[in-house]
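Residue numbers (full-length UniProt numbering): 1 to 251. One structure is given here, and the rest of the page talks about it.
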Amino acid sequence: MDLPKLDVLLSPVEFEALPGRDLSTTCCVVFDVLRATSTMTVALANGAIGILPCGTIDEALAAREAYPDLLLAGERGGLRITAEVSGSVDFDLGNSPREMVAEAISGRQLAMTTTNGTRALKACAGARRIWIGGFLNLSALGQAIHESRPERLLLICAGTGEVEASEDVIGAGALCDLLWDDLGQSASDAALIARDHYLNSCDQLYESISQAKNAQRLLSIPDLADDVEFCLQRDTYPVVGEMRSNGWVSA
1 MDLPKLDVLL SPVEFEALPG RDLSTTCCVV FDVLRATSTM TVALANGAIG ILPCGTIDEA
61 LAAREAYPDL LLAGERGGLR ITAEVSGSVD FDLGNSPREM VAEAISGRQL AMTTTNGTRA
121 LKACAGARRI WIGGFLNLSA LGQAIHESRP ERLLLICAGT GEVEASEDVI GAGALCDLLW
181 DDLGQSASDA ALIARDHYLN SCDQLYESIS QAKNAQRLLS IPDLADDVEF CLQRDTYPVV
241 GEMRSNGWVS A
């Protein structure tokens with residue numbers, strides 16, 4: 001049976017099985033709406049020249065040793081990584097898109113490690129193209145996909161910990177809906193599920209996603225509560241980040 005042209009991986013268990021698969025004809029889009037891919041989009045829009053996704057804190061620290069001018073960004077448990085957590089230094093930035101202001105990151109390179117988003121990106125290694133997805137750049141992303149004409153498109157929901165995250169499924173569903181006229185006839189059941197979740201939520205997007213576990217955690221942290229609404233803005237940044245063959249994400 002032919003593989004669907006449009007497919008969605010709904011949970012981390014699924015993307016963790018990607019390494020070793022032949023993705024050479026597949027284009028991937030990673031969604032970590034709250035917050036890694038949203039934060040990367042804002043950083044690139046505000047002048048960051050490259051972001052190195054790191055699967056672990058130690059990997060980010062090693063990148064800093066190789067590139068001393070690199071900014072360290074990331075979180076564990078939603079909070080900026082401190083010296084106590086890293087075992088050596090406080091990170092320069094957390095994982096909040098509202099931190100990624102031009103004054104802090106324009107012209108700079110970042111090494112970034114998060115609980116799930118950077119892991120999902122690294123799992124896609126070997127794909128034909130790997131894009132950064134979210135609501136913030138949804139239409140620009142759809143245009144990039146349309147111009148690329150992928151043989152197969154795989155949308156990856158980063159999730160939270162080892163479980164799926166509603167905001168990522170809904171974000172992937174929003175992109176499915178945008179591409180449905182072109183790819184809907186060859187979509188997987190998972191793509192249909194994601195699109196249905198989006199269509200059932202789109203009229204009250206904030207209300208729907210703010211009830212999800214990951215959003216509730218952010219809303220309980222005063223300094224991060226505004227990130228939820230920020231990340232759900234649609235088409236505020238016409239920038240599409242792409243992970244290149246050298247492992248760096250750039251616009």
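Virtual Cβ for every residue (Gly too), placed ideally from N, Cα, C.
Anyone know if the C-beta pair for residue i and residue j falls short of 8 angstroms?
i           : j    : result
C157        : R35  : no
I130        : M243 : yes
Y237        : V42  : yes
T113        : G74  : yes
C124        : L23  : yes
A174        : A212 : no
A127        : C28  : yes
K5          : S186 : yes
P12         : N116 : yes
F135        : R21  : no
A215        : I209 : yes
L70         : A111 : yes
A225        : G241 : no
G47         : G94  : no
R76         : V89  : no
T25         : E151 : yes
residue 252 : A144 : Since the first residue of the chain shown is 1 and the last is 251, residue 252 is not available in this structure.
V239        : L44  : yes
A102        : F15  : no
Using 10 angstroms around the beta-carbon of residue i, count the other beta-carbons present and answer buried if the total reaches 16, otherwise exposed.
i    : result
V163 : exposed
N137 : buried
R33  : A quick correction: the sequence has Val, not Arg, at residue 33. Looking at its Cβ environment, which holds 16 or more other Cβ atoms inside 10 Å, V33 is buried.
A194 : buried
E167 : buried
Am I right that residue i and residue j are in contact with their C-beta atoms under 8 angstroms? What's the rounded C-beta distance?
i    : j    : result
L178 : L153 : Contact doesn't hold; Cβ gap of about 12 angstroms is too wide.
V30  : S188 : Going by Cβ atoms, the distance from V30 to S188 rounds to 17 angstroms, so no, they are not a contact pair.
V249 : M40  : 6 angstroms
Q109 : I57  : About 18 angstroms; that fails the 8 angstroms criterion.
Examine the ligand SAM and report whether any of its heavy atoms sits within less than 7 angstroms of the Cβ of residue i.
i    : result
L232 : In the structure shown, the ligand SAM is absent, as is every other ligand, since no ligand is present at all.
Relative to the alpha-carbon of residue i, which residue among the options has its alpha-carbon at the smallest distance?
i    : options                : result
R61  : E99, F91, G47, A251    : It should be pointed out that residue 61 corresponds to Leu in this sequence rather than to Arg. If we check each option's Cα against that of L61, F91 comes out closest.
S201 : D181, A190, V169, R149 : V169
L205 : A66, R76, G171, V89    : G171
I51  : A17, I132, E14         : I132
A99  : D32, D223, A190, V239  : Correcting the residue type first, residue 99 is Glu in the shown sequence and not Ala. The candidate whose alpha carbon is nearest that of E99 is D223.
G87  : E59, L219, Y67, T118   : E59
A17  : E103, A102, K122, A66  : K122
With DSSP run on the structure shown, which of helix, strand or coil describes residue i?
i    : result
E250 : A small fix is needed here, since residue 250 is Ser in this sequence, not Glu. Strand, per DSSP.
P19  : coil
T113 : strand
I145 : helix
G50  : strand
S223 : It is worth fixing the name first, because residue 223 is Asp in this sequence and not Ser. Three-state result, D223: coil.
T56  : coil
I130 : strand
D181 : helix
E65  : helix
D92  : coil
R152 : strand
C28  : strand
T37  : helix
A187 : strand
R234 : coil
G87  : coil
T82  : coil
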